[in-house]
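Asks: Residue numbers (the working numbering), protein chains in the order written: chain A, 497 to 564; chain S, 2 to 211.
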Amino acid sequence: MTASARPMEKRIQVAGIILIIGLIIEALCLLWARPISFVIFVAVGGLFLFAGVVVFLFSLASAPHVSD
Amino acid sequence: MPHTTTLIILLVLFSAALAGVLVARPGITATRVGKILAFLVLFLLPILCGAMGVSSEMDRSKTTAFCLSCHTMEAYGKSLHIDDPGHLPAAHFQNHRVPADEACYTCHADYALFGTLKVKLHGLRHVYVYYFSTPPAPENIKLYQPFNNRECLHCHLGARSFEEGAVHTTDPATLPAIKSNQLSCMSSGCHEVVHDIANLKTAKFWKEHE
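So, in structure tokens, the structure goes:
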């Protein structure tokens, strides 16, 4: 592992953790059939999923360029 | 719980488990297979889970059970079981003129363009009032706007019982007035008994066979 790879791995870990939280919220909301669960699913779960994906994409965009 | 919802939950949990692998072993993303896995788990699967979940939740929000899960709506659920053919929602529910499992949504959906979005926004307001404000007593709940005949005509327009019904055709001006929403189906004294919550205590109820 190179030193420059570590920040990327750190960001991937952060993205993974955020996504796990979002996915668990979504799973719980799908199990809990109440009107408030619909709101939590979209607002909270959706926010976590969006944030996780953004952090992952940011980790790709900020990865050091490797020339051939 | 519908099978599709169970499958979506399993997919969500599977995605979370795979994300857990990446969190525990981020070093695997250094390989080509690891990069593909990361793209799948941290990008494609969350989007897929979110989209499938929203679709499932939207379908569930149309069910009668969903609407009646709010305490405020219990009286309205009871009114669907009133044993009186003159009671409009009860007659529709009991005779399956509307799908029994989507009874509320079928009549209270706005069938105009963006109607679903409009009623969902109203639903969000209901959730806000239910949890963060004081919901009105069931008998004091009013529609945002007078019930539009369009919602009735979505099913009844073109039906023989509607187009050729004696009361509808006695006066040639009646049908055009109904179709243009100038003569309300409900408030004009024809089908006026709707969700008679105030008299629920004295009503006779139909017992649904299991």
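Here a beta-carbon is modelled for each residue, glycine too, at the ideal position from N, C-alpha and C. Given the structure is predicted, the values throughout are model-derived calculations rather than measurements.
1) Verify the CB distance criterion: does S:A17 have a CB-CB separation below 8 Å to chain A?
2) Considering only C-alpha positions, which residue in the set S:P86, S:D111, S:A160 is nearest to S:Q146?
3) Strictly below 8 Å CB to CB, what residues from chain S border A:P531?
4) Answer yes or no: does any C-beta atom of chain S fall closer than 8 Å to that of A:M497?
5) Short of 7 Å in beta carbon distance, which residues of its chain neighbour S:V42, apart from the five on each side in sequence? Order them along the chain.
6) For the alpha helix (DSSP H) that S:S16 lies in, which residues bound it at each end?
7) Give a yes or no on whether 8 Å exceeds the smallest Cβ distance from A:I520 to chain S.
8) Should S:Q183 be labelled buried (16 or more other beta-carbon atoms within 10 Å of its own) or exposed?
9) Measuring straight from C-alpha to C-alpha, what distance separates S:I179 and S:K121?
10) Let me know the secondary structure DSSP gives S:F206 once reduced to three states.
11) Cβ of S:E75 less than 8 Å from any chain A Cβ?
12) Could you check the C-alpha separation between A:A529 and S:P86 for me, to the nearest Å?
13) Closest by CA to S:T107, which one among S:L176, S:T7, S:H155, S:A39?
14) With a cut-off of 8 Å, does the C-beta of S:I9 fall near any C-beta of chain A?
15) Rounding to the nearest angstrom, what Cα-Cα distance links S:P137 and S:A31 in this structure?
16) Mind checking if S:C50 is an interface residue toward chain A, Cβ cutoff 8 Å exclusive?
17) In whole angstroms, give me the CA-to-CA distance for S:F94 and S:I83.
18) Kindly examine the ligand ZN and report whether one of its heavy atoms sits closer than 7 Å to the Cβ of S:K36.
19) Would you kindly check if the distance between the Cβ of S:A113 and the Cβ of S:T65 is under 8 Å?
20) Say whether the region 37–55 of chain S touches the region 163–175 of chain S, bearing in mind that this needs 3 or more beta-carbon pairs closer than 8 Å, one atom from each stretch.
21) How many Å lie between S:S181 and S:L201 at the Cα?
22) Have a look at A:G542, A:E505, A:L527 and flag the residue whose alpha-carbon is nearest the alpha-carbon of A:I516.
23) Go to S:S162, then tell me how far its alpha helix (DSSP H) extends in each direction, as first and last residue.
24) If you drop the 5 nearest sequence neighbours on each side, which residues of the same chain put their C-beta closer than 8 Å to that of S:V194?
25) Hey, could you find the ends of the alpha helix (DSSP H) S:K36 is sitting in?
26) Decide if S:C50 is buried, meaning its Cβ has at least 16 other Cβ atoms within 10 Å, or exposed.
27) Have a look at the DSSP bridge pairing and note the partners of A:I508.
28) Verify the CB distance criterion: does A:V535 have a CB-CB separation below 8 Å to chain S?
Replies: The answer reads as follows:
1) Along the second sequence, one-based indexing puts residue 17 of chain S at 16. For S:A17, a Cβ of chain A is located within less than 8 Å of the residue's own Cβ.
2) The residue labelled residue 146 of chain S in the question sits at position 145 within the second sequence. If we check each option's Cα against that of S:Q146, S:D111 comes out closest.
3) Within the first sequence, the letter at position 35 stands for residue 531 of chain A. Within chain S, the residues near A:P531 are S62, F67, S70, C71, G124, H127, V128, Y131.
4) For the purposes of this step, residue 497 of chain A is taken as residue 1 along the first sequence, with counting starting at 1. Residue confidence for A:M497 is low, a pLDDT of 48 falling below 50, so the modelled location carries little weight and cannot support an answer.
5) On the second sequence, residue 42 of chain S is found 41 positions in, with the first residue counted as 1. These residues qualify, in order along the chain: S16, L19, A20, L23.
6) The residue labelled residue 16 of chain S in the question sits at position 15 within the second sequence. That run of the alpha helix (DSSP H) goes 4–25.
7) Looking up residue 520 of chain A in the first sequence gives position 24. Yes, A:I520 lies at the interface with chain S (some Cβ there is under 8 Å from its Cβ).
8) Here residue 183 of chain S refers to the residue found at position 182 of the second sequence. The residue is exposed, with fewer than 16 neighbouring Cβ atoms inside 10 Å.
9) Within the second sequence, residue 179 of chain S is the residue found at index 178, counting from 1. Within the second sequence, residue 121 of chain S is the residue found at index 120, counting from 1. Distance between the alpha carbons of S:I179 and S:K121: 27 Å.
10) Within the second sequence, numbered from 1, the residue matching residue 206 of chain S stands at position 205. Strand at S:F206.
11) Locating residue 75 of chain S in the second sequence gives position 74, counting from the first residue. Not closer than 8 Å to any Cβ of chain A, the Cβ of S:E75 fails to qualify, so no.
12) The count along the first sequence starts at 1 and reaches residue 529 of chain A at position 33. The count along the second sequence starts at 1 and reaches residue 86 of chain S at position 85. Looking at the two C-alpha atoms, the distance is approximately 32 Å.
13) Taking the second sequence and counting its residues from 1, the one referred to as residue 107 of chain S is at position 106. Ranking the options by Cα distance to S:T107, first place goes to S:H155.
14) Taking the first residue of the second sequence as 1, we reach residue 9 of chain S at position 8. Answer yes: the Cβ-Cβ gap between S:I9 and chain A drops below 8 Å somewhere.
15) Taking the first residue of the second sequence as position 1, residue 137 of chain S is located at position 136. Taking the first residue of the second sequence as position 1, residue 31 of chain S is located at position 30. Computed Cα separation, rounded: 59 Å.
16) For the purposes of this step, residue 50 of chain S is taken as residue 49 along the second sequence, with counting starting at 1. Residue-level contact by beta carbon holds for S:C50 and chain A, with a gap shorter than 8 Å.
17) As a position in the second sequence, residue 94 of chain S is number 93, starting the count at 1. As a position in the second sequence, residue 83 of chain S is number 82, starting the count at 1. Looking at the two C-alpha atoms, the distance is approximately 10 Å.
18) Ligands are entirely absent from the displayed structure, and the ligand ZN is therefore not among its contents.
19) Locating residue 65 of chain S in the second sequence gives position 64, where the first residue counts as 1. Locating residue 113 of chain S in the second sequence gives position 112, where the first residue counts as 1. Between S:T65 and S:A113, the C-beta spacing is not below 8 Å.
20) no
21) Position 180 of the second sequence, counting from 1, holds the residue named residue 181 of chain S. Position 200 of the second sequence, counting from 1, holds the residue named residue 201 of chain S. Those two C-alpha atoms are separated by around 33 Å.
22) Here residue 516 of chain A corresponds to residue number 20 of the first sequence, with the count starting at 1. Nearest of A:G542, A:E505, A:L527 to A:I516, Cα basis: A:G542.
23) Start at 1 with the first residue of the second sequence, and residue 162 of chain S comes out as number 161. Run containing S:S162: 161–164, per the alpha helix (DSSP H) assignment.
24) Working through the second sequence from its first residue, we reach residue 194 of chain S at position 193. Closer than 8 Å at Cβ, skipping near neighbours: D85, G87, H88, L89.
25) Within the second sequence, residue 36 of chain S is the residue found at index 35, counting from 1. Counting along the chain, the alpha helix (DSSP H) containing S:K36 begins and ends at 33–40.
26) Position 49 of the second sequence holds residue 50 of chain S. Buried, by the Cβ-count rule.
27) Here residue 508 of chain A is taken as the residue at index 12 of the first sequence, counted from 1. Paired residue(s): none; A:I508 is not in a bridge.
28) Along the first sequence, one-based indexing puts residue 535 of chain A at 39. So, interface residue.
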